[in-house]
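Chain order of the listed sequences is D and C.
Going left to right, the first sequence walks through residues 333 to 701 as the numbering used here numbers them.
Going left to right, the second sequence walks through residues -14 to 191 as the numbering used here numbers them.
Think of the CB as a built atom: it goes at the ideal place given N, C-alpha and C, for glycine as much as any other residue.
Note that the structure is a prediction, hence the values are computed from the model and not measured.
First comes the structure, then the notes that go with it.
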Amino acid sequence: MHLKNIRLQQFKNYGKAKVQFSKEINCFVGINGSGKTNLLDAIHYLCLTKSAINPQDNFNIRHEDSFFTVFGDFDVEGKEIEIRCIVEAGKKKQLIQNGKAYDKMSEHIGLLPVVMIAPDDTSLIKDGSEERRKFFDNMLCQLDRQYLNSLVRYQHFLKQRNALLKQFADSGKWNSQLIEPYDLEIIKLSKKISEMRKVFIQEYEPLLISHYKTISDDQEQIGIRYDTHCSDADFESVFRSSAKRDYLLKRTNMGIHKDDFIFHIDEYPIKKFGSQGQQKSFVIALKLAQFMIFLSHKQTKPILLLDDIFDKLDDSRISKLMNLVADHQFGQLFITDARPERSKGILGEIDADSRFFMIENGTVTNWNQ
Amino acid sequence: MNFPSKLIEDAVNEISRLPGIGKKTALRLVLHLLKQKENVTEDLSQALLALRKDIKYCSKCHNVSDETVCSICKGLKRDKSIICVVEDIPDVLAIENTSQYQGLYHVLGGVISPMQGIGPDELKIESLFERVRIAPDDEKVQEVILALPATMEGDTTAFYITRQLKDLGVKVSTIARGIPVGGELEYTDEVTLGRSILTRVNYSAD
C-alpha cells in the first residue's frame, strides 16, 4: 500500500499544493515552521480522518479561510483508492472514497493503516492512563470490529449510569432496581473487554521487547503490565461494593475505563525511573511494535511517518532505525528534517527510491541538489 | 427565504415546524391551500383543532382512543391474558397490521434513558405493573410480551421491566430478532447475523 500523491488546499499554512510521492522514501526538508509536519498531518488525515496533532478540525483550516481540503490517491494492492477529506467551518466533516461519502467516519478506520513516530512526544509515557488506553483502544479497534462494538456499547452504558448517579445524588435517593441493568452490562462488558485487552498484550509485548532491543543498546528488561481489576474472579462483588462510593462521587469508579498499561523497565515504571533516552527508545519501540502488529494482521505494510527523528535522536538510535529502513522492513516512508544535507547524507546511502522535497512557507518543490 | 406576504410567511413557519417538512415543502402546501376552496382549509383546521381537543388516551393501555377505554382493550375477541409492551403508538399499528396478534397492548410512551432525563416515572411503567397486579381472576395476565426497540435503551428498559414482573409470577417473553424475511445473509449486519446464529431455532417445515 502506498500514497501516490496529495493535493492540499488551505490546509494549515498551505494555500494550494500538489505533490507526487515515491513509493519508498520521501523526505521533507526545510526550516522550522515551514510546514513539514503539516504535510505528515495531511497524510494522517487521509488515513485516520483526523489530525495527529490538533483534534479540532477547524483549527487546521488556514487562517482567515473558511475551509480546507486534502485529496490523495492511494494504491492498495494494485487498486486505486482516492480519498477526499473536506472540512468547512460550521459544517460536518466529509470523507469521500472514490466519489462516495462515508456515513460514519469509523467505517474508514482500518482501511489505510498508518503509524506516526514523533520521538519527542513522550506523552504516552508521561501523561495519565487515558493516553495509554487511547493508544491501545485505537489499535484494537482497527484490528477487531467486535472490540470496537463492545467499546462503543460500554461507553454508552457508562454515560447512562453516570447520568443516573447524578440524578440519584440530586434527589438524594438511591434506586437499586433502576441501576441494575446498567451494572450488569458494565460488569459483563468489562470482563469481555479486559479479556480482549489481555490477549492483545500477550501478542504485542514480545514485539515491543524485540524492537526495544533493536533500538537501544540497553540490556534492561522491559515490558508492559496490564493493570485491571476487571478480569479478577471477584470483579462483580468489587464493582457492587463500590456502589456507595459511586453514589457519593456521582460517577462510576470501577470498570475498564479505569484500566492502565504500566510500562516498566527492570520492574520499575519507566514513567518515574526511565531516563530521557530510555523513554524515547520506548516510544519508538511502542510504535514499531504497532507497525508490526498491523502488518501481521492486515498483511500490508502501514505508511510510516517519522517526524523530526534526526534532530531528536542520537546517532546510534538513528543508525539502528536506518538499518531497519535499509533492510526494507518498512513500506512507504515519510520523513521530516530541518537540515537537508544531513538527511541527504543518511538516506543517500540507502538503496531505495528516495525523493526530497523542499518546503518553504507552505510551498513544496522537488529538491535534488 | 423571503416572502411577499407576512401571512404566507407565518403559515410557512408554522407548517415547517412539523417533522420532515422544510420551508420549501411548507410553501408548496400553503400555496396549494390558497388555490383550493376556502372550506378545504376550514375543514383541515377544524379537524386538527378537534384532534387536539378531543383526543383521549386509553386509561388501560395508553394508546390513542376516542373514548376512555380504547377499542382494542374493549374488544370481545381479544385475549386478555396477554399484554404486548411497546415503546409508542406507531408500534401498536405496526403489530396490528400483521394480524398475528390477538392480545392487548401497553404503550410506555418512550424508553428509559437517564442522559435524556427519562426514568420510569416519566413513562407508563408503574401502570403496567398495576394492570398485572389488579387483573380480576377471570382476566388474569399470563404473559407479557416485550416488543421494545433493539437498541441499548430498549434492552435496558426490557431488563428493568422483567425484573419487576418476576415477583408478580407472570411469564415474560420478548419478540425474536434476526434476518428479515426476503433478506440476504450477506447484507445482514454482523451483530444481527451473529445473534441469529446464537439463538437459532429447531427447523420446522410448517
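Beta-bridge partners of residue i, as assigned by DSSP
i: D/Thr752; result: Past the edges of chain D, shown from 333 to 701, lies residue 752 of chain D, and the structure says nothing about it.
i: D/Cys359; result: D/Ile667, D/Phe688
i: D/Asp643; result: None, per the DSSP bridge assignment.
i: D/Ile597; result: D/Ile554, D/Tyr600
i: D/His334; result: D/Asp407
i: C/Arg158; result: The identity of residue 158 of chain C in the sequence shown is Ser, whereas the question assumes Arg. DSSP lists C/Ile130 as partners of C/Ser158.
i: D/Arg339; result: D/Lys350, D/Phe403
i: D/Val419; result: D/Phe400
i: D/Asp592; result: D/Asp559
i: D/Glu412; result: D/Asp407
i: D/Leu637; result: D/Met448, D/Phe666
Which listed residue (the options) has its alpha carbon closest to that of residue i
i: D/Asp281; options: D/Glu681, D/Asp643, D/Asp685, D/Phe662; result: No statement about residue 281 of chain D is possible, as the shown extent of chain D runs from 333 to 701 and does not include it.
i: D/Lys355; options: D/Lys505, D/Met690, D/Ala684, D/Asp389; result: D/Ala684
i: C/Thr136; options: D/Leu483, D/Leu480, D/His488, D/Tyr479; result: D/His488
i: D/Tyr558; options: D/Gln534, D/Ile541, D/Glu552; result: D/Gln534
i: C/His91; options: C/Ile97, C/Val77, C/Gln101; result: C/Val77
i: D/Phe467; options: D/Ser522, D/Ile418, D/Tyr536; result: D/Tyr536
i: C/Asn115; options: C/Ala161, C/Asp152, C/Lys22; result: The residue asked about is misnamed: residue 115 of chain C is Glu in this sequence, not Asn. Of the candidates C/Ala161, C/Asp152, C/Lys22, the one whose C-alpha sits nearest the C-alpha of C/Glu115 is C/Asp152.
i: D/Gly504; options: D/Leu580, D/Glu412, D/Phe688; result: D/Leu580
i: D/Ser366; options: D/Lys344, D/Phe500, D/Ile385, D/Arg339; result: D/Lys344
i: D/Phe626; options: D/Lys676, D/Ile547, D/Pro601, D/Val447; result: D/Val447
i: D/Asp592; options: D/Asn370, D/Gln551, D/Lys530; result: D/Lys530
i: D/Trp699; options: D/Leu456, D/Cys359, D/Phe666; result: D/Cys359
i: D/Gly677; options: D/Ser651, D/Gln608, D/Cys473, D/Phe662; result: D/Ser651
i: D/Ser628; options: D/Gln611, D/Met471, D/Gly606, D/Ile602; result: D/Met471
i: C/Glu118; options: C/Lys45, C/Glu(-6), C/Leu36; result: Residue 118 of chain C is actually Arg in this sequence, not Glu. The shortest C-alpha separation from C/Arg118 is found at C/Lys45.
i: D/Ile541; options: D/Cys473, D/Val615, D/His334; result: D/Val615
i: D/Asp469; options: D/Gly609, D/Gly431, D/Leu371, D/Val484; result: D/Val484
i: D/Lys424; options: D/Asn430, D/Glu414, D/Asp435; result: D/Asp435
i: D/Glu396; options: D/Ile594, D/Gln342, D/Glu512, D/Val419; result: D/Gln342
i: D/Leu653; options: D/Pro634, D/Ile594, D/Ile682, D/Thr632; result: D/Ile682
i: D/Ser648; options: D/Asp550, D/Met690, D/Phe399; result: D/Asp550
i: C/Leu93; options: C/Asn82, C/Lys59, C/Tyr86, C/Pro134; result: C/Pro134
Residue i, buried or exposed, once every other Cβ within 10 Å from all chains shown has been counted against 16
i: D/Glu673; result: exposed
i: D/Tyr514; result: buried
i: D/Gln664; result: buried
i: C/Asn24; result: exposed
i: D/Ala617; result: buried
i: C/His17; result: exposed
i: D/Lys619; result: buried
i: C/Ala132; result: buried
i: D/Ala433; result: exposed
i: C/Gly7; result: exposed
i: C/Glu138; result: buried
i: C/Glu72; result: buried
i: C/Pro(-11); result: exposed
i: C/Leu33; result: exposed
i: D/Glu517; result: buried
i: D/Asn370; result: buried
i: C/Pro165; result: exposed
i: D/Leu638; result: buried
i: D/Ser383; result: buried
i: D/Ser569; result: exposed
i: C/Pro75; result: exposed
beta-carbon residue i near the ligand MG non-hydrogen atom, thresh 6 Å
i: C/Leu78; result: As far as ligands go, the structure on display features none, and thus does not contain the ligand MG.
What residues in the region 152 to 163 of chain C bring their beta carbon closer than 9 Å to a beta carbon of chain D?
none
I'd like the ranges of any beta strand (DSSP E) spanning at least 3 consecutive residues and lying wholly in the region 493 to 571 of chain D.
554 to 559
Which whole runs of the alpha helix (DSSP H) in the region 427 to 487 of chain D are 4 residues long or more, in chain order?
455 to 458, 461 to 475
Alpha helix (DSSP H) segments (min. 4 residues) lying fully within the region 27 to 92 of chain C
56 to 59, 74 to 83
At 4 residues or longer, and completely inside the region 95 to 142 of chain C: list those alpha helix (DSSP H) runs for me, N to C.
111 to 119
May I ask you to list, following chain order, the residues of the region 98 to 109 of chain C that have a beta carbon less than 9 Å from some beta carbon of chain D?
Ser98, Pro99, Met100, Gln101, Gly102, Gly104, Pro105
Quick one: which residues of the region 479 to 501 of chain D get their C-beta closer than 9 Å to a C-beta of chain C? List them in chain order.
Asn481, Arg485, His488, Phe489, Lys491, Gln492, Arg493, Asn494, Ala495, Leu496, Leu497, Lys498, Gln499
Going along the chain, which residues of the region 501 to 521 of chain D sit with their C-beta nearer than 8 Å to a C-beta in chain C?
Gln509, Leu510, Glu512, Pro513, Tyr514, Leu516, Glu517
Can you give, in chain order, each stretch of the beta strand (DSSP E) that sits fully within the region 343 to 404 of chain D and has at least 3 residues?
348 to 352, 357 to 361
Please identify, using Cβ separations under 8 Å, the residues of the region 166 to 182 of chain C that lie next to chain D, in order along the chain.
Glu175, Val176
Contacting positions in the region 138 to 150 of chain C - beta carbon closer than 9 Å to chain D:
Glu138, Asp140, Thr141, Thr142, Ala143, Phe144, Tyr145, Arg148, Gln149
Can you pull out the residues from the region 540 to 567 of chain D whose beta carbon lies closer than 7 Å to at least one beta carbon of chain C?
none
Got a sec: which bits of the region 453 to 479 of chain D sit with their beta carbon under 9 Å from any beta carbon on chain C, in order along the chain?
Arg477, Gln478
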